[in-house]
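If you read the protein sequences in the order shown, they are chains A and B. Taking this note's numbering, the leading residue of the first sequence gets 8, the next gets one more, and so forth. Taking this note's numbering, the leading residue of the second sequence gets 991, the next gets one more, and so forth. Here's the structure we're looking at; comments come further down.
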Amino acid sequence: MYQRCTRWARPVAVALFLALLAACGGGGGSSGGGDGGASGSAGVSGRVTDPGIAGALVKLQSASGNALAVPVRSDANGGFRFSVSSGANLSGARVVAQGGVDSQTGQDFTGLTLVGPVSGGNGLATPVSTLVMALVDDGSDLDSAGQTVAGWLGLDATRVLDDPATDGDLQRQSLRLTLLGVALNRESRPMTWLVDALRDTGDLDAAREWLATDPKLTEASRQRIIGLEQQFQAVAEAAPGQGADAVVAAAKRIAVRQGITLYLRDAFGQNTDDETSQANIAALADTLISANGGAGVPAGGAQIRNLMRYVLQSYQLDPAALSQSGFTVPAGLGGDSDIARITGLRALDHRIPLTNAEKLGMDSDARREYFYASDLSPFHRAERLFDGVLDDLILDPVYEEIAEGLAFAGQVGEAKTVLRTRVFQPFLRARTAQRIAYRLIETGSHNEAKAMVDTSLSELDGIIEAKGLENLTAPEADLYNSLVLDYRRLGEIEASQRAIDNVIDYVSLYEGRPYQSVYGKLLTAIRDNAELSVEKAVEQELVEPFLNDAIQSVDLFTRFVLGTGYQVRSGCTHYKLRTFYLTYSAGYYYALGADQELENIIDLFEQTRNLTPCNLEQTDVYVERMAAYYVATDQVDRYLQQVEETITDPREIEDALQNINVGIAFEAVVEGDLQGALDGLRRNYPEPEEYLGYLIDQSGTAHGLAEALYRNGYVLLGDQVRGAAWNFYLSDEYRDTYVQDYNALLGNGCLRLVQFAENWGDIDTARSWMGNCASVADEILKSITGKDERFAILTGIAIYQNRLGLIAEGSATIARAESEISAMLGRDYDKALLRLISLSLDNDNLGLALDYGREAQTRYFQEAAGATNDSTRSSAMSGGLSLATSLNQVAEQAGRMALRAGALNVTDQQNVADARAAARDLILGNGNQLGVANLADAQLSDSSRLTYLNQAVLVLAKARYYDEAVALTEKDGLSNNDRNLMLQSIATAMTGENDFAKGAIAVRDTDGDGRPDFFNLGVDAEDIAASALQLDNDLDGDGITDDEDSTPFCASCDG
Amino acid sequence: MTDYSFWPAALTAGLFFFVLSAHAEDDVETLNPVYVHGDGAAQPVTTEPEGSYRLDRHMLDDYGSANGSVTEALEVLPNIQFSEDRYKPESLYDLKPASISISGGRAYENNFQLDGVDINSRLDPLADKPNSITDVPGHEQSLFIDEDMLESVTVYDSNVPARFGNFTGGVVDMKTRRAGQGPRRVNLSYSTTRSDWVDYRVFHHVPDDAENPKEPPEPDSFKRERMGISVDQPLAGGRGVYLGATRSYSRNPDVSLGEIKDQEQENLGLSGRFYTPVWDQGWLDLGLAVAPYKGEYFIKDAKDSDFSVRGGGLTGNGKLSWLTDRHDITARLAVSLSENSRRSPQHFFNWQNSPSRHWGIENDLAFSRQGGFGDLDREQQRYTFGLDAQRQPVRWLGRRWNLEYGVDLSYVRVIEDRPATSYIYQNGIVNTEIQCRGVSLDCVDGEQFFSTRNVYAAHDLDVGLAQAAAYTEASTHWGRVKTVFGARYDYDDFLGNLNFSPRFRGAFDMFGNGRTNLTFGANRYYGAPLLSYKLREARQPHYTEYRGSVANVVGDWESDSGGARTRYVFSDLNTPYSDELSVGLKQAFLGGIVDLKYVHREGRDELSQQRTDIQEDGFELYRLSNDGSSRYQGISLAWYRTFGRYHLGLSTTWSEAETSNSDYDVSADNPLADEYIYYRGKRMRQGELEQVRYDYNRPLVATVSLAADLHRNLRASLVTTWRDEQRYIANSGRSQKGETITLPNGQTVTESLPVYEDRQRPATWISNLKLTWQVTRKPGLVLDAQINNVFNARTYTADDGNPNTYDSGIEIGRNYWLGMKVRL
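Structure below.
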């Protein structure tokens, strides 16, 4: 029955209309429903204060802990306001605030959570209310909890939930609680520790002492508690009998004085316990607070170090003067407007000069520590991109990278804090913990790594428990696999088994059941992951830990394969998929050289085929895929037996036997009949090109003879076959057959043999043969007139010359290739230029690459100027982005060159800078010349504009023009999500900055001279000695060595 | 209208008829149409120059389809082609009548009339998917009239009289049973078919080494029935009343989420007529036909997705005829209401599998889908008034003229209403700690929430179309030549065109004995405006919203990029028209008439879709244009004869149709024309492919129809249709490497080009047999059986011939209907 009032009813009288509307249930009253919570809203407001805490993430929760509103950030005074659905039950509600900065004391609340009740639409979260709410959580009612806390803190029970600003005693205790909380903020739940200590001691001072010796806390936390004693006591005695404002003012002075004292001690070893020093420090502190607009800064942080360095250097103040009578605060300091700017930065300001005692010199650790604590740190900069963003989907992946990077940089505590306070989604949290652990393993911090792997596993188990094992996804299975690998690296074999239990349980869920596509999807994902691992291990020449990682991944994949259920077709219950995927397992183990595992797979393959009678028939087509593996494990007879006994289709038998020809030849060679083997193969493969392939490394389901011999350890025999292949290639028969076929002569002939020799480590032979290849190419070129073909042949030769380190020859070939492109037109010419850039880079000729890049750039600008519609603009932009990407590769190649040479010459340094600038110009334009971003803005299609802007941002960020990239995200017409995703791209580029190459012992080179700023954490002297890299003695390349340079990371600061 | 060259012709025609009426003198003789009768029963073909074929009740009984579809009964006629989809398995349980092409026109370019009332749908006739987000399935007929309700059907395929307009294909003029024209009769009928009575052919090809071979397709299970009751009651004073009701119903169960669920369609037909003499020489005929259609569907493997589609409607009409001294006048007044509406769950959710959304994982699905696409109502209201007058013959210029003229006024109102905004939710984010802050629609605490949704905003669109038409025809004899001059003016306020359609036809009695007539004609037909585009233009495109989470608390929705990229517009369009030339021969032969005819049509200003460049607002526009064109030529040969209880009919049509675009949703300038493809081993642009129409266009179609009494109580009718093979070009589904290109992201790849190939639709030879057994005469009990595809021939609707594509499919072979009729 239709409920809607049809339009036919509309002409009736108004009175009837109203009646109908009622009868129809109100028509379209509810249009959304999905906007829940936004309509009919009421407000809840309040503050997070100690005094006011700015930038805290504030949540509104019901009595049962459920969110009632979207969390907000507190304003500069700690204020907040929520829009709450009018139907929300606020009884027992509370506000929960995380992080933020005290607007008065400068205290950083990162890692701390303050909680307060909501009453009458107002919420107030303070350190004291947090204690009260903790007791409520433990079962107390609000009144008795207040009385208990009041007892602990010596306060009036009726005031414990008030704003500390209303009472001096309340404010004092609140500030002291904050000091303790901040000292504990590396622990998982600082305020809980505090409550427990108070519960045990009944008194705040006693609680501090108790915490200082609590063995359950980390040593670092205990030390921070101990170091807090003086400041803690001072605050207790601050402004007795006075109001809250006076208490806060006193606390600020105490903190700044403490900060100065600590700085002088740490930087100069200066003891300032004497009264004179204290008086001088007090005077200086008061002036700094005054210059900072009355706001304090916490002791021990980056801000006080920035301040003191600034004061000492700018006002030429000798630290020793602070211990001398007659000290006067430098004139003008109180009115110095730079002070507020300096305290606004919560990292070391790299532009503020270091004092002589702090200079970094050639200390790698000090340099690394300074760099990552400074505003130059990519993690600090990446975080700053998102100051106004609140979205886990955007931020969690960014913080995941930041946490991993921090761990890699040795800032493990910060990494853990990021994990605990910034990454919210459970799976991202689990993965972040694993990534931190991986870095800790790399840097040798095994205990901490183990704890992180445990954390990750615990998170992941929690997720699976909550969502159900049947909903396991491929990323989750991958993460379990990673954790297994981590445990194994740590020697935790038992734990590694525990880590994989859930995955095994998942496989068991489906064992014995029909095949399901859900299972198949996971299986495919696991296979892809295994394949990547295998490729990576092969790329790394099968060294540890890559080899072990790959074997573990293939083991997991094989476990999944063996769990693949049965299928039914035409009355036949078969295991076709399981059998099919086993051939993949075999291929992976083969590639990894894992012969024992490979033999095991062959057994499993045969067993699986025999599971049901009809399965043999269903799977006979797969037997030929296994031929190479039988050969590799020296089981040719067994293969032939399989073919004879289990395959009935004559065509399949023929195919299967065709694939074992190499195996038969292999056996003949091993038995000493090399010529017989060669003759046999020749008979089977009368086509010369095919025969040549099977002699060495025929790809596909069958493998080459020489390869099989090498793999089975018959190196000399392999060399003989390879030699025979080379001779066959040089024979008249081969040459005469392929007079006009340059693909057979080069790509599938000479160059293939060269590559085979290179792959098996015989570089000398490869180089020697390469000379022949160049000659063959010259011969071929005599009869080819087409520029495209000539260019293709020459570039093909140049690639191999570059790979083999034949730089001079490669250079000459590139020059010849260049001479062929003049006749090309349009897009072909552009493509050829890109190819030449790539070749020049591989030839270590950055200047030449840049020259080609400049020419291509000019062509791009011409095309861009003539682009008048979406289509032509798209074409131009695609070209521009490709070129900019190529130009960015100049820097990457420079990093690889530096790794080999230990330095870059001045010209190449300039080439890198110029290439990046050229990439920037391609994106942003230059003067009247239109860049990709300009063209993107002209696009009429929003989606096209967005597509190209996204890419422009990424390319610009990779060229290290971050500010310009950020500026692109601020263009009109982009949704918040678009903008945030672009910022995410920029952050990824930032956190992935590496001036050398992946896996190198260093990552940073500030001045681009090819010498590292510092070595990675965990790199030992042996690694350094084995490398060409040596620490740069002038980090910023300003000509001042770092023994002397007070701003070692700032070339422009010394002028 | 922008074709100003026609204005002189229009003025000339107007002047002609003005002068004719001014100088006319009455002539007492009358000339009626001559139908050549065999042995008492009406023949489909007349000697008149108009290209019409009439199936009376007897022929409908013999050749009407057991499923009640009016259009399937027209298979025995020439110049009619059915879609290639006609024999697809779905047709067995789809209650919608088969679509037809008449003289090369598109299915929606015909004019269906019921008792003189236009029952065409001006809604979107191309929409055919029940579960489209923005469309409700439509059909070119707004009411699905059961053939059992009809007295006769006349099809005009050429030389169409001027009283018919709004078509460029053909006219199907249906007359319902006249009330009380004989003794009282009460009829009951029931017939049925089901999937068990169908021979299916299943084709399934998979590569031997496929990683995950698909299972063979399974034929749909279904049951279909049709029943009817009618009462024809003569009343005193020459009055009569007829009441009839029919019901067609089909059910096809399908497996969804592991359960068998029914999808149902129901088509009711209620018809009532009242006939009474009025005044001295007049009569009043009142009719009401109600034909609601309802389909119950669900989205496969989506929970809570049941939805219903409702269509059809009602038409009420009154016809008053009376004679004056000079005129036989008929006034028509009709109201028809129809709708295409959907009742569906308001939102659609692509949930991730999770503890509370687990039906997906339980049924081996990647997602747990739920819901529907929201209610959507489309209604069409039509009000028609018409006046037709036949004047007594007049003399002018020494000749006797028969005059006929009339007017048609109509107003069509189309309403589209989406009463509530619908969301299509995507990108479920699994988060075991997510807090939904009370939002339960699209967020599950501790499980997941959606980060993206497409928003289809509530809207209420109302568009109207007023049409006015006037026509006149004058016929006279010039010796043995009969000529008919006609003209028709059409105006509508949608396209704003005043269209003049000249009509001319004639017949030359070659030997003066009435047995051999050479017919000829030259006509222009203007098509009807479709309101679909007006609706599309008014509809707001959908947009996309995004939300994230903050500290595992779900956020608020905010606008995001994405959403629709296209809008529809039209403006300044001409009305599509078709110019027709025809020549034919009608020869009395063996008691029937051989009708040999050549028809040539040139379609101009046809509607097609043009994709524009991206506009300033960022949208691409699909602009309706007049860039379409078509060309049709056909030679048909037909002969029918009825003698006693026997009937024999032969018809064959050779035709050739080319078109720039298959329908109004396809661009005449193929939007993919610039895209490269592979065809016959060459890399070429798609636009270079030929433009032959591949559907409704078998080159040669021949039908033999035969009805006879096999026994005193057993009657059989057999319709055999042969359709010639047809070559066509199709996308093979394969791809081939092309040139190296650079993608927008800078990546250089080798392009992958779709491979087009020649394919052959083999000839088909389908015979349908109907057997009727008169068990008793008083009361009359008849059992009947229809055996479709009696020789179990291949229909070739499943493409099983290409081993490279591994197509799978199902064809229907022999299938049965069984039924009974009771006459009281």
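A virtual CB, placed ideally from N, CA and C, is assigned to each residue, including glycine.
- The beta-carbon distance between B:Leu-1521 and B:Val-1453, rounded to whole angstroms, is 6 Å. This is short enough to meet the 8 Å contact definition.
- Here the C-alpha atom of A:Glu-661 lies approximately 47 Å from the C-alpha atom of A:Arg-505.
- Within the same chain, Glu-1369 and Asp-1452 come within 6 Å of B:Ile-1405 by CB-CB distance, once the 5 residues on both sides are set aside.
- Taking C-alpha positions only, B:Tyr-1083 is separated from B:Arg-1688 by approximately 25 Å.
- The C-beta separation of A:Arg-179 from A:Val-102 comes to about 23 Å, leaving the pair out of contact by the 8 Å criterion.
- Close to B:Ile-1351, with beta-carbon spacing below 7 Å, are these residues of chain A in chain order: Glu-477, Asn-478 and Val-525.
- For A:Asp-163, there are no CB contacts under 6 Å within the same chain when 5 residues up- and downstream are skipped.
- Closest by C-alpha distance to B:Lys-1768, out of B:Ala-1775, B:Asp-1407 and B:Arg-1813, is B:Arg-1813.
- Closest option to A:Gly-368, judged by alpha-carbon separation, among A:Ala-1058, A:Ala-544 and A:Asp-1052: A:Asp-1052.
- Less than 8 Å divides the Cβ of A:Val-65 from the Cβ of A:Val-79.
- For the pair B:Gly-1581 and B:Lys-1309, the CB atoms are not nearer than the 8 Å cut-off.
- For B:Asp-1222, same chain residues with a beta-carbon under 6 Å away, outside a window of 5 residues either side, are Arg-1175 and Tyr-1232 in chain order.
- The residues Asn-850 and Asn-852, in chain order, have a CB closer than 7 Å to that of A:Ser-818 in the same chain once the five nearest residues on each side in sequence are set aside.
- Nearest CB-CB separation between B:Arg-1555 and chain A: below the 8 Å threshold.
- Taking the Cα of A:Ser-503 as reference, the smallest distance to any Cα among A:Val-510, A:Asp-356 and A:Arg-495 is reached at A:Arg-495.
- In this chain, the beta strand (DSSP E) harbouring B:Lys-1284 covers 1272-1287.
- Along the region 1337-1391 of chain B, the alpha helix (DSSP H) occurs as fully enclosed runs of 4 or more residues at 1349-1352, listed in sequence order.
- Only Tyr-1415, Ile-1419, Val-1420, Asn-1421, Thr-1422, Glu-1423, Ile-1424, Gln-1425, Cys-1426 and Arg-1427 from the region 1414-1427 of chain B bring a Cβ to less than 9 Å from some Cβ of chain A.
- By the Cβ-count criterion, A:Tyr-807 is buried, with 16 or more other Cβ atoms from all chains shown falling within 10 Å of its own Cβ.
- Taking a cut-off of 8 Å on C-beta distances, the region 1427-1447 of chain B touches the region 1536-1546 of chain B, as three or more cross pairs fall below it.
- With respect to A:Ser-181, A:Val-135 sits close: the two C-beta atoms are nearer than 8 Å.
- The three-state secondary structure of A:Pro-433, taken from DSSP, is helix.
- If you draw a straight line from the Cα of A:Tyr-526 to the Cα of A:Lys-583, it comes to about 15 Å.
- Measuring C-alpha to C-alpha distances from A:Met-459 to each of A:Ser-69, A:Thr-450, A:Tyr-445 and A:Ala-839 identifies A:Tyr-445 as the nearest.
- For the region 1529-1543 of chain B, the beta-carbon criterion of a distance under 7 Å to any beta-carbon of chain A is satisfied by Tyr-1536, Gly-1538, Ser-1539, Val-1540, Ala-1541, Asn-1542 and Val-1543.
- With the criterion set as a beta carbon lying under 7 Å from some beta carbon of chain B, the members of the region 929-954 of chain A are Leu-947, Ser-948, Asp-949, Ser-950, Leu-953 and Thr-954, in sequence order.
- Burial state of A:Ser-52 is exposed, judged by a 10 Å Cβ sphere holding fewer than 16 other Cβ atoms.
- Within the same chain, Gly-1041, Asn-1069, Ile-1092, Ser-1093 and Gly-1160 come within 6 Å of B:Asp-1147 by CB-CB distance, once the 5 residues on both sides are set aside.
- In this structure, DSSP gives A:Ile-791 a state outside helix and strand, which the three-state scheme calls coil.
- In the DSSP assignment, A:Ser-371 forms no beta bridge with any residue.
- Annotated three-state conformation of B:Pro-1224 is strand, per DSSP.
- Spanning the alpha carbons of A:Arg-438 and B:Gly-1436 requires a straight line of approximately 19 Å.
- By the C-beta criterion, the region 404-420 of chain A is judged to be in contact with the region 1020-1035 of chain A, since at least 3 inter-stretch pairs fall below 8 Å.
- Straight across, the Cα-Cα distance linking B:Gly-1058 with B:Ala-1647 is about 29 Å.
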